[in-house]
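So the structure is just underneath, and the comments pick up after that.
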Amino acid sequence: MSLRTSAAYIGTRLAAGALAMLTLTLIVRGLGPASYGQYTLAMAAAAIVTQIIFNPLNGTLARFYGEADIREPLLVLLRRLLLGTGLFLILLAAILDACGLAVMHGHVLLLAACMALAQGFFDFSGQYLAAAQNSRRYSLMFLAKACLACALAWFAMRCGGGAAAVLGAMSLAFLAAVLLAGTLPLWFARSTADVHSQWPVVRSFAGPLMFTSLLSYVLAWGDRYLLQHLVSLEELGRYSAVSDLAQQTLGLVFSGLCMAWYPRMVMAWGQKDFPGVQRLYSAYASLGLAVVLPAGAGCALILPDVVPKLYGAAYAGVSPWMLAFVALAAIASAVKLYYFDLPLLLGKRVWRHSATIAGAALASLGMAWLAIPHYGITGAAAGVLLGQGCGILLSIACARGVLRPWLPLAAVWPPLLATVLMAVLLTVWPVQSWAGIVLKVAGGALVYAAVLVFADFDGVRTVRLRRLL
Numbered sequence: 013m014s015l016r017t018s019a020a021y022i023g024t025r026l027a028a029g030a031l032a033m034l035t036l037t038l039i040v041r042g043l044g045p046a047s048y049g050q051y052t053l054a055m056a057a058a059a060i061v062t063q064i065i066f067n068p069l070n071g072t073l074a075r076f077y078g079e080a081d082i083r084e085p086l087l088v089l090l091r092r093l094l095l096g097t098g099l100f101l102i103l104l105a106a107i108l109d110a111c112g113l114a115v116m117h118g119h120v121l122l123l124a125a126c127m128a129l130a131q132g133f134f135d136f137s138g139q140y141l142a143a144a145q146n147s148r149r150y151s152l153m154f155l156a157k158a159c160l161a162c163a164l165a166w167f168a169m170r171c172g173g174g175a176a177a178v179l180g181a182m183s184l185a186f187l188a189a190v191l192l193a194g195t196l197p198l199w200f201a202r203s204t205a206d207v208h209s210q211w212p213v214v215r216s217f218a219g220p221l222m223f224t225s226l227l228s229y230v231l232a233w234g235d236r237y238l239l240q241h242l243v244s245l246e247e248l249g250r251y252s253a254v255s256d257l258a259q260q261t262l263g264l265v266f267s268g269l270c271m272a273w274y275p276r277m278v279m280a281w282g283q284k285d286f287p288g289v290q291r292l293y294s295a296y297a298s299l300g301l302a303v304v305l306p307a308g309a310g311c312a313l314i315l316p317d318v319v320p321k322l323y324g325a326a327y328a329g330v331s332p333w334m335l336a337f338v339a340l341a342a343i344a345s346a347v348k349l350y351y352f353d354l355p356l357l358l359g360k361r362v363w364r365h366s367a368t369i370a371g372a373a374l375a376s377l378g379m380a381w382l383a384i385p386h387y388g389i390t391g392a393a394a395g396v397l398l399g400q401g402c403g404i405l406l407s408i409a410c411a412r413g414v415l416r417p418w419l420p421l422a423a424v425w426p427p428l429l430a431t432v433l434m435a436v437l438l439t440v441w442p443v444q445s446w447a448g449i450v451l452k453v454a455g456g457a458l459v460y461a462a463v464l465v466f467a468d469f470d471g472v473r474t475v476r477l478r479r480l481l
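Taking this note's numbering, I'd label the letters of the sequence shown as residues 13 to 481.
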């Protein structure tokens, strides 16, 4: 695996994550806590489509793209399913809106359906580019979407628009990014092969994966619905804004890392090179650990300084413990999804995969339900974190016999030591301004990098620096 390829995906996601953070900041400050609470419920409605219906189609494409004999007809079938389902749901939302039966006012439900289809176009195109290992066009598409989303959301609120206008702006950003990345011909390509012959593949893999995606949706959004009934709309807005910030930055980084490695593991698995898959999985773990530890610790320690300055005075009273729990929960979710669940997908253990997500969802919501009456949104964040930890343990148990999540001590102690020293520096470094925050982040990153270079982690000093010199 080329470190350059991994760096390209990670760099793209970091840049996109920074722009997403800016976009989220504009939306949160422009709408306010209560209106953002309404906006996040509309996003939850759109996620019903993207997570439960569209994500299994993307997962099927990613898993079977390495099998060249079925690639073309399967791609056409998945594309037709996505497009047909999205258009049907838009029509259904329009009918409900026209009849006054929509649960959301101001055409929000219709625009949420439009955004779901636009995001479906975007995610499927991105999965196709990642599976084909076309990192250049993949990077262009994600950066274009991040830039356009920021600009269009700002323009929508500048014109006095609310949640509906922001949803429309996001839809346009998704569609324009697909057009700019040059993946539009993908949606009009015809296949000469028998497309319908791939239905058994879709039923056997995407079918159970839809149930898994339903559980994933409950795990990702269940805390919002729970809080809707137990706390005020303002508190829901504060919790959602912080959670979205952590997920859109940390989650993007780890999904980009997975996009660099998972297609190669799929190719090796399709060629029955099982020792090669294990080597890739171990190398992926080594690099992933070097990203997970500093990202999790750094985000948990930086968020208390960043959130009040990003979102304004309405968020100044948010508990630092709640911010830390949200950041760590986002890390735990990404580690489970993008590392510990991969052997279950490669081994086609989709029902065991579903069981791990069900266990994590039940644990998260159960502990959050018990904690919210006593600790509010801090309790919700702690419950989600503990639930994700249970999910990781279940994934490890259910993936036995496929791949070993094992690392030598030499790959563990350098990032662990570097993270501890970085955390000490971030804890004792007080800041009062944006310039201080930037210097604090840069100082922590410098300490972390210096320790890895000193320890010669992954040959960074003896091999990689020597090549540069």
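We put the CB at the ideal spot given by N, CA and C, even for glycine.
These numbers were taken from a predicted model, which means no experiment stands behind them.
Proximity of residue i and residue j at Cβ, strictly below 9 angstroms
i	j	result
residue 402	residue 372	yes
residue 354	residue 415	yes
residue 249	residue 387	no
residue 351	residue 417	yes
residue 396	residue 253	no
residue 221	residue 362	yes
residue 88	residue 132	no
residue 191	residue 136	no
residue 1	residue 265	Residue 1 falls outside the range modelled here, since the chain spans only 13 to 481, and no answer is possible.
residue 72	residue 101	no
residue 498	residue 294	There is simply no residue 498 to check, as the chain begins at 13 and stops at 481 in what is shown.
residue 370	residue 227	yes
For residue i, the nearest candidate out of the options (CA to CA)
i	options	result
residue 81	206, 186, 336	206
residue 34	322, 419, 344, 369	322
residue 259	154, 342, 61	342
residue 337	320, 363, 309, 325	309
residue 123	105, 417, 132	105
residue 461	313, 404, 306	306
residue 319	147, 445, 293, 392	445
residue 273	242, 391, 255, 298	298
residue 140	179, 125, 83	83
residue 27	244, 65, 107, 154	154
residue 329	60, 390, 97, 367	390
residue 85	107, 138, 213	213
residue 99	292, 125, 62, 90	125
residue 311	93, 435, 66	435
For residue i, the first and last residue of its enclosing alpha helix (DSSP H)
i	result
residue 208	Element bounds for residue 208: n/a, residue is neither H nor E.
residue 6	Summary: the structure shown does not reach residue 6, with the chain confined to residues 13 through 481, and so no result is reported for it.
residue 131	120-143
residue 363	362-387
residue 248	245-258
residue 216	That residue, residue 216, is in no alpha helix (DSSP H); it is neither H nor E in DSSP.
residue 317	286-323
residue 348	Counting along the chain, residue 348 falls outside any alpha helix (DSSP H), and DSSP gives it neither H nor E.
residue 77	Looking at the DSSP string, residue 77 is not in any alpha helix (DSSP H), and its letter there is neither H nor E.
residue 112	Residue 112 -> no alpha helix (DSSP H), and no H or E assigned at all.
residue 455	446-466
residue 431	421-440
Distance between beta carbons of residue j and residue i, contact taken as under 8 angstroms
i	j	result
residue 383	residue 394	6 angstroms
residue 487	residue 121	Since the first residue shown for the chain is 13 and the last is 481, residue 487 is missing from the structure and cannot be characterised.
residue 157	residue 189	4 angstroms
residue 38	residue 51	Incorrect: roughly 12 angstroms between the Cβ atoms, too far for contact.
residue 288	residue 269	Residue 288 to residue 269, Cβ: 19 angstroms. No contact.
residue 465	residue 472	6 angstroms
residue 440	residue 314	That belief does not hold up - the Cβ atoms of residue 440 and residue 314 are roughly 14 angstroms apart, past 8 angstroms.
residue 67	residue 225	5 angstroms
residue 257	residue 36	6 angstroms
Residue i CB to nearest heavy atom of the ligand GTP below 8 angstroms
i	result
residue 217	The ligand GTP is not part of the structure shown, which contains no ligands of any sort.
Residues near residue i by beta carbon distance below 7 angstroms, same chain, minus five either side
i	result
residue 463	426, 429, 430, 433
residue 75	217, 278, 357
residue 130	183, 186, 187
residue 457	none
residue 109	119, 121, 122
residue 54	116, 120, 124, 175, 179
residue 229	59, 60, 63, 64
residue 145	275
residue 159	31
Cβ neighbours of residue i in the same chain (closer than 8 angstroms, five flanking residues each side left out)
i	result
residue 398	375, 376, 379
residue 111	none
residue 290	415, 416
residue 149	141, 193, 194, 195
Same chain, Cβ closer than 6 angstroms to residue i, neighbours up to 5 away in sequence not counted
i	result
residue 526	This structure leaves residue 526 out entirely; the chain is present only between 13 and 481.
residue 326	45
residue 127	58, 179, 182, 183
residue 164	181, 184, 185
residue 368	403, 406, 407, 410
residue 247	389
residue 152	193
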